[in-house]
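Just so you know, we're using the numbering used here here: the sequence shown kicks off at 1 and counts up by one.
From the three backbone atoms N, C-alpha and C, an ideal C-beta is built for every residue, glycine too.
Everything on this sheet refers to the single structure shown next.
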Amino acid sequence: MQHKWKVASHLTKKDIVNYGSFYTPEKLKKYIENLIYENINVTTLDDFVLLDSSCGTGNLLSMPFKFKKIIGVDIDKDAIEIAKVRFNHQFYFNNFNALENISRDNYQLTCQDKLFIVGNPPYNDRTSIIQSYIKTYNIYNINPLVMHRDLGISFLLSYNLLKAEYICVLHPLSYLIKKSNFNSLGAFKENYKLIDSIIVSSSEFSLNSLSYFPIIIALYKRDVNGMNYDFITHYKFKTNNNNSFSIDKYDFISKYIDKYPNKNKVDTENIVAKFYTMRDINALKRSKTFINEDCSNAVYVTKNKYSLYCYVDVFKKYIHKLPYYFGNLDVFIDYDKFKSIAQEFIAYSETNIKNQKIDDYFIELFGENNENL
Ligand SMILES: C[S@@+](CC[C@H](N)C(=O)[O-])C[C@H]1O[C@@H](n2cnc3c(N)ncnc32)[C@H](O)[C@@H]1O
Numbered sequence: 001m002q003h004k005w006k007v008a009s010h011l012t013k014k015d016i017v018n019y020g021s022f023y024t025p026e027k028l029k030k031y032i033e034n035l036i037y038e039n040i041n042v043t044t045l046d047d048f049v050l051l052d053s054s055c056g057t058g059n060l061l062s063m064p065f066k067f068k069k070i071i072g073v074d075i076d077k078d079a080i081e082i083a084k085v086r087f088n089h090q091f092y093f094n095n096f097n098a099l100e101n102i103s104r105d106n107y108q109l110t111c112q113d114k115l116f117i118v119g120n121p122p123y124n125d126r127t128s129i130i131q132s133y134i135k136t137y138n139i140y141n142i143n144p145l146v147m148h149r150d151l152g153i154s155f156l157l158s159y160n161l162l163k164a165e166y167i168c169v170l171h172p173l174s175y176l177i178k179k180s181n182f183n184s185l186g187a188f189k190e191n192y193k194l195i196d197s198i199i200v201s202s203s204e205f206s207l208n209s210l211s212y213f214p215i216i217i218a219l220y221k222r223d224v225n226g227m228n229y230d231f232i233t234h235y236k237f238k239t240n241n242n243n244s245f246s247i248d249k250y251d252f253i254s255k256y257i258d259k260y261p262n263k264n265k266v267d268t269e270n271i272v273a274k275f276y277t278m279r280d281i282n283a284l285k286r287s288k289t290f291i292n293e294d295c296s297n298a299v300y301v302t303k304n305k306y307s308l309y310c311y312v313d314v315f316k317k318y319i320h321k322l323p324y325y326f327g328n329l330d331v332f333i334d335y336d337k338f339k340s341i342a343q344e345f346i347a348y349s350e351t352n353i354k355n356q357k358i359d360d361y362f363i364e365l366f367g368e369n370n371e372n373l
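Structure follows, in structure tokens:
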């Protein structure tokens with residue numbers, strides 16, 4: 001039988017989805033410890049209070065460093081009872097909603113206390129259709145200062161309100177690399193800088209899923225200069241298979257074609273095909289490319305852009321060669337090389353007959369990130 005602190009076996013599937021109760025495995029906790037070891041003088045930590053405001057059964061609280069005080073909070077009363085017994089009542093545990101009244105007083109902290117937040121908060125997009133049959137939109141009250149449709153972003157905003165000096169947290173990589181998500185990090189991104197990180201796959205949580213997405217284990221430090229999106233595009237993201245990538249090395253398809261319905265933008269007389277709305281690489285794995293019928297998700301393809309949409313259609317055939325950590329990026333392209341063989345992309349898309357030049361193009365484009373080299 002699994003220990004209750006490893007899986008939320010005291011909850012129903014519905015509660016697990018709504019509260020995001022996917023507890024952190026020991027292997028990922030080790031990554032957190034390494035990030036702390038490598039970036040912080042650990043002898044100074046005994047001056048810090050360690051807090052996990054969504055601690056579940058407390059997996060992230062037993063660190064191999066000495067802290068002044070250790071506090072765990074969770075909205076799940078049963079999880080807190082398990083944590084109390086598990087840690088023999090050594091740490092301070094409390095049962096409340098960490099996103100409602102967000103203040104240091106709730107944790108009996110003064111403004112002088114140095115705070116180190118650790119966490120794997122629920123990253124549950126309350127509006128997304130995935131598992132929507134069991135999702136409850138308003139599961140609990142959320143302070144308007146941290147309101148967001150994704151609970152994980154609300155938690156990051158709450159850490160900023162608590163003015164933690166360090167935050168070591170697991171969250172989807174998409175919060176940083178998708179510009180709209182990054183912008184919704186508001187005051188968090190203005191007050192914190194990513195100082196080190198490692199990317200792992202959501203498969204580490206052994207969720208049953210058709211496609212896994214990248215999760216970043218990120219160490220942030222409070223910094224008056226914060227971070228802007230330019231910082232993120234130049235940041236070298238390290239992955240758990242000793243690879244790394246930075247977004248500025250890639251040229252994205254969105255620079256050349258419309259990803260979203262463009263009915264009002266294009267000259268309807270020049271339309272030669274229709275394409276399904278494009279999101280990121282993970283979404284492309286599941287979605288259609290060229291479509292016959294018109295629909296609200298249709299993107300109109302004009303003659304002069306046709307080869308680029310064929311490019312996306314062909315890219316989809318090579319996605320399985322990309323590692324999981326590219327899942328939240330847009331389709332990328334080497335535009336000059338593509339231009340020189342654009343006809344080959346059209347031919348492959350229309351006939352599905354493989355072509356060595358296209359194989360070579362993708363071997364070069366994916367480089368060391370090609371899974372099947
Ligand atoms: C992904 S689990 C992480 C638990 C633990 N930190 C770990 O890493 O194993 C997320 C936890 O957040 C808790 N949670 C969700 N919403 C919360 C809220 N508003 N306030 C406090 N805890 C919350 C859930 O009950 C769940 O235990």
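For residue 301, which residues of its own chain have a beta-carbon under 7 Å away from its beta-carbon, when the five flanking residues on both sides are left out?
Position 301 of the sequence shown, counting from 1, holds the residue named residue 301. Closer than 7 Å at Cβ, skipping near neighbours: 271, 272, 273, 274, 275 and 309.
Would DSSP call residue 102 helix, strand or coil?
Sequence index remark: in the sequence shown, residue 102 carries index 102 (1-based). Coil at residue 102, not helix or strand.
Skipping 5 residues on each side, what residues in its chain have a beta carbon closer than 7 Å to that of residue 86?
Position 86 of the sequence shown, counted from the start, is the residue given in the question as residue 86. Excluding residues within five positions, the ones whose Cβ falls inside 7 Å are 5, 57 and 58.
Let me check understanding here. Comparing Cα to Cα, which of 78, 47, 41 and 54 lies closest to residue 10?
One-based indexing of the sequence shown puts residue 10 at position 10. For the residues 78, 47, 41 and 54, the minimum Cα distance to residue 10 belongs to 78.
Can you pull the DSSP bridge partners for residue 238?
One-based indexing of the sequence shown puts residue 238 at position 238. Residue 238 is bridged to 244.
Under 8 Å Cβ to Cβ from residue 346, same chain only, skipping five residues before and after it: list those, please.
Mapped onto the sequence shown, residue 346 falls at position 346. 306, 307 and 310.
Quick one: what's got a C-beta closer than 7 Å to residue 184's C-beta in the same chain, skipping five residues either side?
Residue numbering aside, residue 184 sits at position 184 when the sequence shown is read from its first letter. So the list reads 148 and 153, once near-sequence residues are dropped.
For residue 318, which residues in the same chain have their Cβ closer than 7 Å to its Cβ, ignoring the five residues on either side in sequence?
To locate residue 318, count along the sequence shown from 1; it is residue 318. Excluding residues within five positions, the ones whose Cβ falls inside 7 Å are 362.
Return helix, strand or coil for residue 314, following the three-state DSSP convention.
Stepping through the sequence shown from its first residue, residue 314 is reached at position 314. Residue 314 falls in the helix class under three-state DSSP.
Go ahead and pull the three-state DSSP assignment for residue 177.
Residue mapping note: residue 177 aligns to position 177 of the sequence shown, counting from 1. Here residue 177 sits in helix by DSSP.
Which term fits residue 74, buried or exposed, when burial requires 16 or more other beta carbons within 10 angstroms of its beta carbon?
Counting from 1 along the sequence shown, the entry for residue 74 is found at position 74. Per the 10 Å Cβ criterion, buried.
Using only alpha-carbon positions, find the residue among 204, 321 and 342 that is nearest to residue 25.
By 1-based counting over the sequence shown, the position of residue 25 is 25. Nearest of 204, 321 and 342 to residue 25, Cα basis: 204.
Could you tell me the alpha carbon to alpha carbon distance between residue 199 and residue 216, rounded to whole angstroms?
In the sequence shown, the residue the question calls residue 199 occupies position 199. In the sequence shown, the residue the question calls residue 216 occupies position 216. If you take the alpha carbons of residue 199 and residue 216, they lie about 4 Å apart.
Given that a residue counts as buried once 16 or more other Cβ atoms are within 10 Å of its Cβ, and exposed if not, what is residue 20?
Start at 1 with the first residue of the sequence shown, and residue 20 comes out as number 20. Counting Cβ neighbours within 10 Å, residue 20 comes out buried, since at least 16 surround it.
Given a cut-off of 7 Å on the beta-carbon distance, is the pair residue 169 and residue 226 in contact?
One-based indexing of the sequence shown puts residue 169 at position 169. One-based indexing of the sequence shown puts residue 226 at position 226. In this structure, residue 226 does not lie closer than 7 Å to residue 169 by Cβ.
Check whether the Cβ atoms of residue 284 and residue 316 lie closer than 7 Å to each other.
Translated into the one-based positions of the sequence shown, residue 284 becomes position 284. Translated into the one-based positions of the sequence shown, residue 316 becomes position 316. Yes, the pair counts as a contact, with Cβ atoms nearer than the cut-off.
By Cβ distance below 8 Å, which residues in the same chain neighbour residue 129 in space, the five residues on each side in sequence not counted?
As a working mapping, residue 129 is identified with position 129 in the sequence shown. Legend: pLDDT at residue 129 = 49, less than 50; position of this residue unreliable, value from coordinates given subsequently. Closer than 8 Å at Cβ, skipping near neighbours: no residue.
For residue 353, count neighbouring Cβ atoms within 10 angstroms of its own Cβ and tell me buried if that reaches 16, exposed if not.
Along the sequence shown, read from residue 1 onward, the residue named residue 353 stands at position 353. So residue 353 counts as exposed.
When you compare only the Cα positions, how much space is there between residue 356 and residue 228?
Here the question's residue 356 lines up with position 356 in the sequence shown. Here the question's residue 228 lines up with position 228 in the sequence shown. When rounded, the distance between both Cα atoms is 41 Å.
When you compare each of 351, 13, 15 and 328 to residue 174 by their alpha carbons, which one comes out closest?
Counting from 1 along the sequence shown, the entry for residue 174 is found at position 174. If we check each option's Cα against that of residue 174, 328 comes out closest.
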